[in-house]
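Visitor: Structure in structure tokens, see below.
In this note's numbering, the protein residues as written are 167 to 347.
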């Protein structure tokens, strides 16, 4: 009989991880190795973890995000997979995060500095500073009232200019707006 691979539960504390959504059939034949009080099920393999859950984001003392399938699945319960190498340390003090903007989908998210795709151009920030900047960016994307103070021909171009400054510099939103006004 093959020995069941089971990592220490403490190895997930204070971690950041991005899971990729998978079809439910991926866990056929696997045995639930841990079921949380909140209803999430965990399946461990030698290469990574599957998590079946109806809630993602901040989890107790960790930040785990799910990147959805395209097209997005209808189910409330979603299965995510992450290789063990994708679990990065998290804390409130260090500058661990950078902001990533997708102008095609008009979405903004944060990534960890240990992400192999990090090109070292975006400014690293603490989780609190990152959350604050993301909120500002989402307001810029979803609202238009702020734009009445600017002369512009293309609102999307103005948004991009401000957002890029927020991501790639340490300037405050107020400083950026003052420079562009």
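Where is the CB? At the ideal position from N, CA and C, for every residue including glycine.
With H, G and I counted as helix, E and B as strand and the rest as coil, what does DSSP make of residue 294?
Guide: Residue state, collapsed to three classes: helix.
Visitor: Specify, as a first and last residue, the run of the beta strand (DSSP E) that residue 266 falls within.
Guide: 263-268
Visitor: Starting from residue 247, trace the beta strand (DSSP E) in both directions and tell me its first and last residue.
Guide: That run of the beta strand (DSSP E) goes 244-249.
Visitor: Locate the beta strand (DSSP E) running through residue 331, then write down its first and last residues.
Guide: First-last for residue 331: 321-334, but that is the alpha helix (DSSP H), not the beta strand (DSSP E).
Visitor: Quick check: the Cα distance between residue 244 and residue 232, rounded to an integer number of angstroms?
Guide: 9 Å
Visitor: Where does the unbroken alpha helix (DSSP H) through residue 341 begin, and where does it stop?
Guide: 339-346
Visitor: Tell me, please, whether the stretch 308-327 touches the stretch 279-299 by the rule of three or more beta-carbon pairs shorter than 8 Å.
Guide: no
Visitor: Leaving aside the five residues before and after residue 180 along the sequence, list all residues of the same chain whose C-beta is less than 7 Å from its C-beta, in chain order.
Guide: 227, 228, 255, 256, 257
Visitor: Between 219, 173, 293, which has its C-alpha nearest residue 203's C-alpha?
Guide: 219
Visitor: With a CB to CB cut of under 7 Å and the five nearest residues on each side skipped, what residues in its chain are close to residue 242?
Guide: 220
Visitor: Considering just the uninterrupted stretch of the beta strand (DSSP E) at residue 233, what are its terminal residues?
Guide: 228-233
Visitor: Identify every residue that forms a DSSP beta bridge with residue 187.
Guide: Paired residues: 246.
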